[in-house]
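Peer 1: Taken in order, the sequence shown gives residues 32 to 334; the numbers are from my numbering.
Beta carbons: idealized from backbone N, C-alpha and C, even for Gly.
One structure, as structure tokens, below. Some questions next.
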Amino acid sequence: DQEQVTTDPSKVEMPNVVGLTKEEAEDTLHDAGLGFIYNSDSEFSDEYPANYILRQSEDPGKSIKKNSTINLTLSKGPEKINVPGDIIGKDLGDVTAKLDEVGLNWKIKYEFSSKKIGQVIDCSPAEKAPVSKHDTVDLIVSRGQNSSGEKLSTVPNVVGKSQSAAQSAIRAANFGVGSITEVEDNKIAKGKVIRQIIKPGTKAPVGTSISLIVSKGPKAGKYSATYNFAKEDLVDESGKQIKSGAVSVLLNGAAQEVNSKYSNVAKWPGDYVYKFSGKKKGPAQIELLVNGKIVIEDTVNLK
32 DQEQVTTDPS KVEMPNVVGL TKEEAEDTLH DAGLGFIYNS DSEFSDEYPA NYILRQSEDP
92 GKSIKKNSTI NLTLSKGPEK INVPGDIIGK DLGDVTAKLD EVGLNWKIKY EFSSKKIGQV
152 IDCSPAEKAP VSKHDTVDLI VSRGQNSSGE KLSTVPNVVG KSQSAAQSAI RAANFGVGSI
212 TEVEDNKIAK GKVIRQIIKP GTKAPVGTSI SLIVSKGPKA GKYSATYNFA KEDLVDESGK
272 QIKSGAVSVL LNGAAQEVNS KYSNVAKWPG DYVYKFSGKK KGPAQIELLV NGKIVIEDTV
332 NLK
């Protein structure tokens with residue numbers, strides 16, 4: 032005898048509409064026999080353009096009741112920011128550090144100028160102009176006075192070298208050493224160059240300053256543990272599923288940062304996988320609260 036497979040006609044499989052336009056998502060849900068509403072608050076996204084679906088309230092592939100209403104969150108596109116002010120007249124290394132800090136990319140073009148070599152003389156878009164995060168700012172940089180005898184040199188690759196070796200290589204190529212910025216890095220050994228301003232292989236005027244980003248090594252005394260806050264475990268004192276409420280997370284009684292996607296239970300697309308970090312190794316008490324009431328409490332081992 033052949034085994035018969037039966038399906039529940041009152042249920043449908045949840046389609047994946049994340050990354051679709053509003054119109055495509057609405058048609059897909061309609062065809063699946065599902066309704067929809069849009070969350071009143073759209074969210075910035077580097078991944079999805081404005082008016083595309085950023086998040087859905089039910090996981091793709093899940094079996095849900097026909098005619099269920101699906102909550103959809105729309106993308107507002109990349110976050111709008113401003114090109115930093117106080118760029119013109121500053122040294123290239125300082126300017127690129129500012130642009131990196133606010134999440135903007137940059138390109139360099141050298142032009143003859145009465146300004147000193149390595150000084151930014153113009154930028155496009157202009158200072159304080161509104162742009163999207165990760166946009167590119169074109170920097171016009173002085174190569175010094177126009178002279179028939181101007182000398183260019185090839186920028187050496189110093190990434191991965193020690194700071195002292197990098198500085199020696201830069202000077203040997205007839206460039207100056209610009210600003211040195213130290214940043215924490217869990218992968219690159221302390222004292223090694225992570226990044227250089229300007230790109231290796233670039234032809235630049237002799238005397239140009241090359242700034243360096245150098246590793247400070249990993250954050251001191253940082254231990255971590257991952258914990259899965261299951262959505263189905265969010266129940267109140269009477270055992271009823273909690274469907275909305277402000278979320279806060281504690282580690283040994285101290286408040287931790289909560290991802291905006293999980294700041295309210297109503298937003299949760301699924302389980303919340305949280306990475307805890309602390310300065311002390313060993314067991315630590317964790318708590319998840321909804322509207323100030325403890326819903327989940329447990330222990331993790333920081334290592």
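At 4 residues or longer, what runs of the alpha helix (DSSP H) sit wholly inside the region 247 to 296?
Peer 2: Within the region 247 to 296, no complete alpha helix (DSSP H) run reaches 4 residues.
Peer 1: Using DSSP's beta-bridge definition, name the partner residues of residue 315.
Peer 2: 331, per the DSSP bridge assignment.
Peer 1: Using DSSP's beta-bridge definition, name the partner residues of residue 173.
Peer 2: Bridge partners of residue 173: 142.
Peer 1: May I ask you to list the residues that DSSP assigns as paired with residue 242?
Peer 2: BP columns for residue 242 point to 228.
Peer 1: Nearest-angstrom Cα distance between residue 261 and residue 293?
Peer 2: Their backbone Cα atoms lie some 12 angstroms apart in a straight line.
Peer 1: List the whole-angstrom C-beta distance separating residue 278 from residue 266, where the pair is believed to meet the contact cut-off of C-beta under 8 angstroms.
Peer 2: About 14 angstroms separates the two Cβ atoms, so there is no contact after all.
Peer 1: Quick one: what's got a C-beta closer than 8 angstroms to residue 67's C-beta in the same chain, skipping five residues either side?
Peer 2: Answer for residue 67: 56, 57, 60, 100, 101, 102 and 103, listed in chain order.
Peer 1: So which of 50, 131 and 81 has the shortest CA-CA distance to residue 91?
Peer 2: Ranking 50, 131 and 81 by Cα distance to residue 91 puts 50 first.
Peer 1: Near residue 201, what residues of its chain come up, given a Cβ to Cβ distance below 6 angstroms and the 5 sequence neighbours on each side ignored?
Peer 2: So the qualifying residues of the chain are 208 and 241.
Peer 1: Measuring only the C-alpha atoms, how far is residue 289 from residue 283?
Peer 2: Straight-line Cα distance between these residues: approximately 16 angstroms.
Peer 1: What does the alpha-carbon distance come out to for the pair residue 333 and residue 54?
Peer 2: About 46 angstroms.
Peer 1: In whole angstroms, what separates the C-alpha of residue 318 from that of residue 273?
Peer 2: Whole-angstrom Cα-Cα distance: 16 angstroms.
Peer 1: Taking DSSP as the reference, what is the three-state secondary structure of residue 164?
Peer 2: Three-state result, residue 164: coil.
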